[in-house]
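S.K.:
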Amino acid sequence: MKGKVLLLLAAVGGLGCGGALAQTDRIDAGAQKVGARVIEWRRDFHQHPELSNRETRTAGIVAEHLRALGMEVRTGVAHTGVVGVLKGGKPGPVVALRADMDALPVTEEADVPFRSTAKGQYNGQEVGVMHACGHDAHIAILMGVAQVLADMRAELPGSVKFIFQPAEEGPPAGEKGGAPYMIEQGALEDPRPDAIFGLHVIAGIPAGVLTYRAGPLMASADWVTIRVHGRQTHGAWPWRGIDPVVTASQIVLGLQNIVSRQIDVSKEPAVVTIATINGGARKNIIPDDVEMSGTIRSFDEDMRADIHARIRHVAENIAQANQASAEVDIEKAVPVTTNDEALTERMLPTLRRVAGDNLKTQPRVMVAEDFSYFQQQVPGMFFFLGITPPDQDMAQAAPNHSPHFFVDESALIQGVRALSALAVDFLAGNR
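Going by my numbering, the letters in the sequence shown line up with residues 8 to 438, in that order.
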């Protein structure tokens, strides 16, 4: 039996401490070697951000880099996505690594020398464009990982698929995009990965700290639009019409009771937020219509469906009580980001080796990520990388999506180390 075990260990590339340490040293050396380029790439992408489904320049740089490393590269996936395959020197499984590429319609106010001054069109309006969520860091990190693993190609038992995804923040109105469109266009095929890993930089966590959670990590996200129809009248004669403004106000308040009074939040947290309300054109005219919109967040599919039904019930019945009417439109946007528990447990030794005391558990968060679509297809694990300077008050750090969002670039090498180690260890049997 002992002999068979030794043969098995040798077959997967040597699972002993010496082999693991040797590979760790190779990864660390490779990450240090490419570190300066990762920062250069990140600054370039930051200075030249592109909105969802418009990441043409970004995709071109990524594709050129992957081709220079000798990979098979496919471009134009889901509009601007790039997929590269690195074939190892030995047969084995396939692991996928994913980075998102799109920026946000945000005008940057951070004081950095590579500050974005880019403009773009969003919903028919000219807007500032900024990598306010850190996707520039994700692209640069994964390009660095590609360099590190390409240098280790001969020792890799299997293949690594690099997925550079557009439109994680959501495609423009009327367009397809993001992870579901990449899947539809075959990003997970030929070859199909056995697992997929991804990370997200996050403010409010010290630079270089990795955080993880098995099971549900990030909430589902749904969009809700409610149109309230009344009857227009003079503001001085409200009784001659039906006031959709007052009705909409009552609906907003009624919706807050769903989470605070109707849903058992001791089981799972949930959020119902109305973020916009628009109606009317003049201060002495009660309008015909008011439209409001918002988001729904949850971690359980049954609760998600229940909340949707309650929103419709509240809006329609409050409107009816005011002799108005309400149309409720709910769009399911993103499923729950759920880390495969077995995969997470299997890869924890890798994260511990990379981060040491800088590995922390992560509570569930209400933001959403369309990495969840990949996790519905293959076992997946998603984790966070802190990017706030350690000497800063974490509670005061400008959050992701803020015009003041700031990345401590010292954390980028940690991202390269983590994704490289996860890929190598998964391929080699998690040594």
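Cβ coordinates follow ideal geometry from the N, Cα and C atoms, glycine included.
Which two residues bound the contiguous beta strand (DSSP E) that contains N60?
M.R.: Translated into the one-based positions of the sequence shown, residue 60 becomes position 53. No beta strand (DSSP E) holds N60; DSSP gives it neither H nor E.
S.K.: How far does the beta strand (DSSP E) with M388 in it reach, from first residue to last?
M.R.: By 1-based counting over the sequence shown, the position of residue 388 is 381. Unbroken beta strand (DSSP E) run through M388: G387 to T395.
S.K.: Where do the ends of the beta strand (DSSP E) carrying P164 lie?
M.R.: Stepping through the sequence shown from its first residue, residue 164 is reached at position 157. Per DSSP, P164 belongs to the beta strand (DSSP E) from P164 to Q172.
S.K.: Compare the beta carbon distance of G185 and E175 with 7 Å and say whether it is the shorter of the two.
M.R.: Your numbering for residue 185 matches position 178 in the sequence shown. Your numbering for residue 175 matches position 168 in the sequence shown. Taking 7 Å as the Cβ cut-off, G185 and E175 qualify as a contacting pair.
S.K.: Quick one: residues in its chain with C-beta nearer than 6 Å to the C-beta of H72, no 5 flanking neighbours on either side, listed in chain order?
M.R.: As a first step, residue 72 must be located in the sequence shown, where it is residue number 65. Excluding residues within five positions, the ones whose Cβ falls inside 6 Å are M150.
S.K.: State buried or exposed for S273, treating a residue as buried only when at least 16 other CB atoms are found within 10 Å of its CB.
M.R.: Start at 1 with the first residue of the sequence shown, and residue 273 comes out as number 266. By the neighbour-count rule (16 or more Cβ atoms within 10 Å), S273 is not buried but exposed.
S.K.: Ignore the nearest five residues each way along the sequence and tell me which others in L419's own chain have a CB closer than 8 Å to its CB.
M.R.: Here residue 419 refers to the residue found at position 412 when the sequence shown is read from its first residue. For L419, where only same-chain residues beyond five positions count, the Cβ hits under 8 Å are G42, V45, I46, R49, A144, A147, I148 and G151.
S.K.: Which of helix, strand or coil does DSSP assign to M137?
M.R.: Here residue 137 refers to the residue found at position 130 when the sequence shown is read from its first residue. If DSSP states are grouped into helix, strand and coil, M137 belongs with the strands.
S.K.: Going by Cα to Cα distance, which pick from K367, A435, M401 and V385 is closest to A194?
M.R.: Here residue 194 corresponds to residue number 187 of the sequence shown, with the count starting at 1. If we check each option's Cα against that of A194, V385 comes out closest.
S.K.: Return the CA-CA distance between L191 and A110, expressed in angstroms with no decimal places.
M.R.: One-based indexing of the sequence shown puts residue 191 at position 184. One-based indexing of the sequence shown puts residue 110 at position 103. It should be pointed out that residue 191 corresponds to Glu in this sequence rather than to Leu. Near 23 Å, if we compare the C-alpha coordinates of A110 and E191.
S.K.: Tell me V279's beta-bridge partners as DSSP assigns them.
M.R.: The residue given as residue 279 occupies position 272 in the sequence shown. The beta-bridge partner set that DSSP reports for V279 consists of I303.
S.K.: Since I believe V341 is in contact with D377 (beta carbons under 8 Å), could you give me their beta-carbon distance rounded to a whole number of angstroms?
M.R.: To locate residue 377, count along the sequence shown from 1; it is residue 370. To locate residue 341, count along the sequence shown from 1; it is residue 334. With a Cβ gap of about 5 Å, D377 and V341 count as contacting.
S.K.: Per DSSP, which residues does G286 bridge with? Please list them.
M.R.: Taking the sequence shown and counting its residues from 1, one reaches residue 286 at position 279. G286 is bridged to V297.
S.K.: Would you mind sorting S227 into buried or exposed? The rule is 16 or more other CB atoms within 10 Å of its CB.
M.R.: Here residue 227 refers to the residue found at position 220 of the sequence shown. Classification for S227: buried.
S.K.: Kindly indicate which residue of A333, V335, V431 and P213 has the alpha-carbon position closest to the one of A402.
M.R.: To locate residue 402, count along the sequence shown from 1; it is residue 395. Ranked by how close their Cα comes to the Cα of A402, the residues A333, V335, V431 and P213 have P213 in first place.
S.K.: From the DSSP output, in three-state form, read off Q30 for me.
M.R.: Numbered from its first residue, the sequence shown carries residue 30 at position 23. Three-state DSSP puts Q30 in a helix.
S.K.: Find out if the Cβ-Cβ distance for the pair P410, V113 is shorter than 7 Å.
M.R.: Position 403 of the sequence shown, counted from the start, is the residue given in the question as residue 410. Position 106 of the sequence shown, counted from the start, is the residue given in the question as residue 113. Yes, they are a contact pair.
S.K.: Counting pairs of beta carbons, one from the segment 308-325 and one from the segment 237-249, are three or more of them closer than 8 Å?
M.R.: no
S.K.: In three-state terms, what does DSSP make of G261?
M.R.: On the sequence shown, residue 261 is found 254 positions in, with the first residue counted as 1. Looking at G261 - three-state DSSP - the assignment turns out to be helix.
S.K.: Do T344 and S300 come within 7 Å of each other at the CB atom, strictly closer than that value?
M.R.: Residue 300 sits at position 293 when you count from the first residue of the sequence shown. Residue 344 sits at position 337 when you count from the first residue of the sequence shown. Contact: no.
S.K.: So G95 and R160 are supposed to be a Cβ contact under 8 Å. How far apart are they, rounded?
M.R.: Translated into the one-based positions of the sequence shown, residue 95 becomes position 88. Translated into the one-based positions of the sequence shown, residue 160 becomes position 153. Rounded, the Cβ-Cβ distance is 6 Å, consistent with contact.
S.K.: Are the beta-carbon atoms of L350 and A202 separated by less than 7 Å?
M.R.: Within the sequence shown, the letter at position 343 stands for residue 350. Within the sequence shown, the letter at position 195 stands for residue 202. Going by C-beta atoms, L350 is nearer than 7 Å to A202.
S.K.: On a CA-only basis, which of V321, G215 and P56 is nearest N264? Give me that one, please.
M.R.: The sequence position of residue 264 within the sequence shown is 257, counting from 1. Nearest C-alpha to N264: V321.
S.K.: From E338 to I270, what does the alpha carbon distance come to, in whole angstroms?
M.R.: Counting from 1 along the sequence shown, the entry for residue 338 is found at position 331. Counting from 1 along the sequence shown, the entry for residue 270 is found at position 263. Counting only the Cα atoms, I270 lies some 20 Å from E338.
S.K.: How many Å lie between Q154 and F413 at the Cα?
M.R.: As a working note, residue 154 is residue 147 in the sequence shown. As a working note, residue 413 is residue 406 in the sequence shown. Each residue's Cα considered, the two are about 25 Å apart.
S.K.: Can you give me the Cβ contacts of R81 inside the same chain, cut-off strictly under 8 Å, excluding the 5 residues immediately before and after it?
M.R.: Position 74 of the sequence shown, counted from the first residue, corresponds to residue 81. Non-local C-beta neighbours of R81 in its own chain, meaning closer than 8 Å and more than five positions away in sequence, comprise V89, V90 and G91, ordered along the chain.
S.K.: Let me know the secondary structure DSSP gives R438 once reduced to three states.
M.R.: For the purposes of this step, residue 438 is identified with residue 431 of the sequence shown, where counting begins at 1. Residue placement at R438 is poorly supported in this model, since its pLDDT is 41, which falls under 50; the coordinates still yield a value, given next. Residue state, collapsed to three classes: coil.
S.K.: Using the rule of at least 16 other Cβ atoms within 10 Å of the residue's Cβ for burial, across every protein chain shown, is T31 buried or exposed?
M.R.: As a working note, residue 31 is residue 24 in the sequence shown. By the 10 Å Cβ count, T31 comes out buried.
S.K.: When the Cα of A375 is compared with those of N365, P56, N407 and V134, which residue comes out closest?
M.R.: Position 368 of the sequence shown holds residue 375. Proximity to A375 across N365, P56, N407 and V134 peaks at N407, based on C-alpha coordinates.
S.K.: My parser needs the beta strand (DSSP E) runs of 3 or more residues fully inside the segment 142-226; what are they?
M.R.: 164-172, 202-213, 217-219 and 222-225
S.K.: Taking just the CA atoms, how far does F389 sit from A29?
M.R.: Locating residue 29 in the sequence shown gives position 22, counting from the first residue. Locating residue 389 in the sequence shown gives position 382, counting from the first residue. Taking the straight line from one Cα to the other gives about 26 Å.
S.K.: Comparing C-alpha positions only, which one of V372, L224 and T232 sits nearest to N285?
M.R.: Position 278 of the sequence shown, counted from the start, is the residue given in the question as residue 285. The option with the nearest alpha carbon to N285 is T232.
S.K.: Taking the alpha-carbon of R289 as reference, which of Q257, V252, T280 and D336 has the nearest alpha-carbon?
M.R.: Mapped onto the sequence shown, residue 289 falls at position 282. Per the Cα distances, V252.
S.K.: By the DSSP assignment, the beta strand (DSSP E) with A243 in it spans what residues?
M.R.: Walking along the sequence shown from the start, residue 243 turns up at place 236. No beta strand (DSSP E) contains A243, which DSSP labels as neither H nor E.
S.K.: Report the start-end ranges of each alpha helix (DSSP H) in the segment 42-101 that is 4 residues or longer and not cut off at the edges.
M.R.: 63-75
S.K.: According to DSSP, is L22 helix, strand or coil?
M.R.: Along the sequence shown, one-based indexing puts residue 22 at 15. Confidence is the limiting factor: at L22 the pLDDT is only 38, short of 50, which leaves the residue's position unreliable and the question unanswerable from this model.
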